[in-house]
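Residue numbers (my numbering): 2 to 806.
Encoded structure:
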């Protein structure tokens with residue numbers, strides 16, 4: 002048997018009927034196994050990064066930033082507009098809804114066309130195949146690649162719905178230049194959402210992925226118009242458009258240069274991009290687009306006014322108090338592209354010197370502890386506490402001023418004296434409890450400057466804390482608060498939907514009563530010698546507000562609250578440069594009230610009755626009424642104020658029948674003595690207080706014949722204003738190098754009195770009416786002695802530092 006015969010014999014044995022069945026079964030089984038594995042393996046995903054996109058609470062686009070690969074590529078949209086979907090399917094794949102990923106009819110047509118023309122004139126790619134090609138980074142269009150795309154398209158169709166496939170295509174299709182996807186193309190070429198596109202615009206975008214370079218103005222745009230119009234004609238033939246609509250769509254011009262992306266909240270956009278994890282690119286914020294745009298306009302308008310004085314930056318933040326959500330976020334001037342003056346800096350998050358903006362929280366804490374009553378007088382005289390000598394902005398003194406008025410007028414000396422009384426450590430602990438995030442140093446490092454701008458804070462924290470005052474009152478009496486009063490506000494709706502990512506809670510160190518009294522005091526914020534149109538506005542709309550100005554005129558603050566909204570404003574320069582007139586009252590307050598004009602009015606707060614009490618207080622001092630108070634009035638105070646001390650300034654004195662002289666039983670018959678209740682301040686306070694209070698009477702003088710009696714009451718009429726007890730002072734040299742002088746100051750209750758001055762027992766001069774004397778003591782310890790003509794004596798030790806030290 003020859004070789005050929007042997008081979009045929011073996012082949013015949015191999016393919017006998019039983020063997021053929023086994024081989025055929027194995028082949029079918031292997032094919033099914035491969036198909037099962039192929040179609041059930043995970044699908045290949047797109048790995049291209051997306052642009053970060055933020056929208057307002059109603060879905061309106063606020064802004065977007067370019068993706069990491071420098072492409073404008075929006076995240077997948079929830080839905081695709083009917084106009085674009087219809088146009089794209091009509092142009093690219095008219096049997097998209099029925100084929101399994103490969104269109105056999107299109108394949109046969111393409112083969113016949115290309116064979117007839119002896120060149121490739123037509124393809125047979127379906128939208129599913131194009132989606133696969135996009136996911137594979139547009140590999141070369143070879144026959145082999147086409148086969149791979151076809152098989153993978155079958156697999157894609159098996160695993161995904163037609164809706165999902167078309168959404169993938171619309172998200173990743175190229176639209177010319179660095180524009181990818183329908184949403185980005187719609188905004189770049191037409192400046193609006195895809196849902197608002199006309200048939201002509203949708204048709205133009207439908208033909209672009211096939212020839213994306215035609216969109217550029219320098220290219221053959223006439224060919225682009227021809228393609229668009231041909232598609233519109235086809236849509237008319239398919240019955241999607243009537244003849245008039247098609248004709249009108251063909252008359253639409255091609256888009257001009259690409260539009261810039263919306264930049265309504267650029268600083269929030271970059272804050273979200275930097276804080277959210279990679280891949281989470283679509284964000285719905287709590288902002289209100291209409292309010293955000295109008296706030297931007299106000300900021301820009303005030304920037305135009307302020308820039309003439311070299312003030313270039315401003316920021317505004319609005320919090321919806323009941324919802325604890327941010328409604329507007331203007332981190333700086335909206336001209337984000339200008340790099341000259343730091344417009345890219347998000348001031349809302351930047352620590353800045355607080356100025357006087359923290360004073361209300363000290364006021365509230367002392368109300369709650371019972372250490373203050375709203376109308377209680379606090380000293381406003383020249384003050385030195387340790388090495389710190391605060392000054393009021395006006396450089397003037399009231400002597401004594403009601404604490405609520407001191408807060409409203411933002412007087413520095415009363416605030417410093419109150420902090421000294423309350424304790425820096427306690428106040429630091431209060432601010433820490435309110436989560437003031439910029440307190441990085443211990444309390445002793447700040448000292449008394451903590452109340453006047455020695456610390457830094459962000460506009461985010463300050464506005465949140467003021468909103469907390471209002472929310473604490475709003476939620477009074479509720480059995481269960483939905484949010485802690487001083488919690489961080491939310492700017493993403495995802496925070497509302499996922500409690501696991503919601504901002505942390507903040508403990509509440511202030512109760513509703515103290516917050517209410519503070520807000521009541523802030524209703525009366527005024528400034529002397531200031532006339533502004535917005536002050537009339539403030540009187541027509543109940544707003545509790547406060548300003549602040551940092552040392553060196555570097556930061557101007559203004560914060561206001563109603564029961565519904567909190568508005569925070571900062572004005573200054575991002576680089577910290579100070580400018581004249583950069584104050585809270587002149588630079589920030591006008592902007593604040595312009596913003597409030599955009600917001601609806603709200604009812605004023607209900608009184609938290611369980612936290613407050615009506616008591617009788619001295620009509621003059623504001624302290625709880627004492628036994629010697631001449632008159633009283635009703636006042637609403639914190640319940641802890643029931644235990645506060647009675648008035649220390651009212652006393653009962655005895656006068657003669659005329660009431661002009663003080664007398665006693667050693668010089669006058671008891672029957673001729675008439676008791677009187679008088680409000681009397683200490684001499685240092687009285688010296689300044691009576692200048693501003695013409696009705697202040699003080700003490701009448703002691704009758705001359707009574708003053709010589711050993712039973713004569715002590716007048717305590719004389720007081721040293723400067724130097725303070727155990728003060729350490731430095732006497733500088735003059736500009737010409739000569740010995741300098743320091744002005745010492747005293748006060749006397751009797752304006753006609755003469756004071757005799759002694760330095761270390763050596764007589765140095767006398768004064769009358771205005772008691773000021775310039776002296777040049779040598780370095781070392783000294784004692785200043787003052788004596789009036791009645792012999793009342795006051796001694797004050799002090800130390801002069803060496804001029805060499």
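The beta-carbon is built from N, C-alpha and C at its ideal position, and this holds for glycine as well. None of the values given here were measured: they were computed from a predicted structure.
Span separating the alpha-carbon of residue i from that of residue j
| i | j | result |
| --- | --- | --- |
| residue 421 | residue 723 | 19 Å |
| residue 511 | residue 365 | 7 Å |
| residue 504 | residue 325 | Low per-residue confidence applies at residue 504: pLDDT is 47, beneath 50, and the placement is therefore not dependable, though the value from the model is reported in the following sentence. Approximately 11 Å between the Cα atoms of the pair. |
| residue 679 | residue 755 | 25 Å |
| residue 803 | residue 397 | 30 Å |
| residue 604 | residue 522 | 17 Å |
| residue 608 | residue 472 | 13 Å |
| residue 528 | residue 470 | Reliability fails at residue 528, whose pLDDT of 40 lies under 50, so the model's placement of it is uncertain and no value is given. |
| residue 1 | residue 621 | Given that the chain is displayed from residue 2 to residue 806, the structure contains no residue 1 and the question cannot be resolved. |
| residue 530 | residue 707 | Since pLDDT at residue 530 reaches only 41, below the 50 mark, its modelled position is unreliable, and no value is offered. |
| residue 172 | residue 76 | 7 Å |
| residue 122 | residue 211 | Caution is warranted here: a pLDDT of 48 is assigned to residue 122, below 50, making its placement in the model unreliable, and no coordinate value can be reported. |
| residue 662 | residue 409 | 39 Å |
| residue 248 | residue 176 | 24 Å |
| residue 807 | residue 631 | Any question about residue 807 goes unanswered here, given that the chain covers just 2 to 806. |
| residue 488 | residue 465 | 8 Å |
| residue 824 | residue 773 | What is shown of the chain runs 2 to 806, which leaves residue 824 out entirely. |
| residue 477 | residue 486 | 10 Å |
| residue 768 | residue 415 | 28 Å |
| residue 286 | residue 295 | 17 Å |
| residue 297 | residue 335 | 6 Å |
| residue 206 | residue 433 | 55 Å |
| residue 178 | residue 208 | 15 Å |
| residue 264 | residue 303 | 19 Å |
Residue j beta carbon less than 7 Å from that of residue i
| i | j | result |
| --- | --- | --- |
| residue 588 | residue 572 | yes |
| residue 560 | residue 547 | yes |
| residue 181 | residue 72 | yes |
| residue 780 | residue 801 | yes |
| residue 190 | residue 256 | yes |
| residue 311 | residue 580 | yes |
| residue 224 | residue 215 | yes |
| residue 694 | residue 314 | no |
| residue 675 | residue 656 | yes |
| residue 492 | residue 327 | yes |
| residue 284 | residue 55 | yes |
| residue 158 | residue 101 | yes |
| residue 438 | residue 462 | yes |
| residue 371 | residue 194 | no |
| residue 337 | residue 259 | no |
| residue 50 | residue 79 | no |
| residue 795 | residue 686 | no |
Nearest-angstrom beta carbon gap, residue j and residue i [assumed within contact, 8 Å]
| i | j | result |
| --- | --- | --- |
| residue 413 | residue 443 | No, residue 413 and residue 443 are not in contact; Cβ-Cβ is about 23 Å, not under 8 Å. |
| residue 127 | residue 241 | Not really, about 20 Å apart at Cβ, beyond 8 Å. |
| residue 331 | residue 317 | 4 Å |
| residue 84 | residue 66 | Contact doesn't hold; Cβ gap of about 28 Å is too wide. |
| residue 404 | residue 427 | At roughly 17 Å, the Cβ-Cβ gap does not stay under 8 Å, so residue 404 and residue 427 are not in contact. |
| residue 625 | residue 785 | In fact, because the Cβ distance is near 36 Å, the residues do not count as touching under 8 Å. |
Delimiting residues of the alpha helix (DSSP H) encompassing residue i
| i | result |
| --- | --- |
| residue 227 | 222-238 |
| residue 769 | Segment 763-769 is the beta strand (DSSP E) holding residue 769; no alpha helix (DSSP H) there. |
| residue 202 | 200-208 |
| residue 190 | 183-191 |
| residue 516 | 513-523 |
| residue 366 | 360-369 |
| residue 730 | Segment 728-730 is the beta strand (DSSP E) holding residue 730; no alpha helix (DSSP H) there. |
| residue 706 | 705-708 |
Start and end residues, beta strand (DSSP E) containing residue i
| i | result |
| --- | --- |
| residue 318 | 314-321 |
| residue 403 | 400-403 |
| residue 166 | Note, residue 166: premise wrong, no beta strand (DSSP E); alpha helix (DSSP H) at 163-173. |
| residue 760 | 755-760 |
**OP:** Please go through the segment 417-461 and give each complete alpha helix (DSSP H) segment of 4 or more residues, from N-terminal end onward.
**Re:** 425-434 and 444-447
Original post:
Can you give, in chain order, each stretch of the alpha helix (DSSP H) that sits fully within the segment 269-295 and has at least 4 residues?
Top reply: none
Subject >> Contiguous alpha helix (DSSP H) assignments of at least 4 residues, all confined to the segment 50-119 >> reply: 83-93 and 105-118
Subject >> Runs of beta strand (DSSP E) wholly within the segment 324-357 (minimum 3 residues, chain order) >> reply: 326-331
Subject >> Start-end ranges of the beta strand (DSSP E) lying completely within the segment 665-702, minimum 3 residues >> reply: 675-680
**OP:** Could you name each continuous beta strand (DSSP E) segment of 3 residues or more that falls completely within the segment 553-605, going from the start of the chain to the end?
**Re:** 556-562 and 566-573
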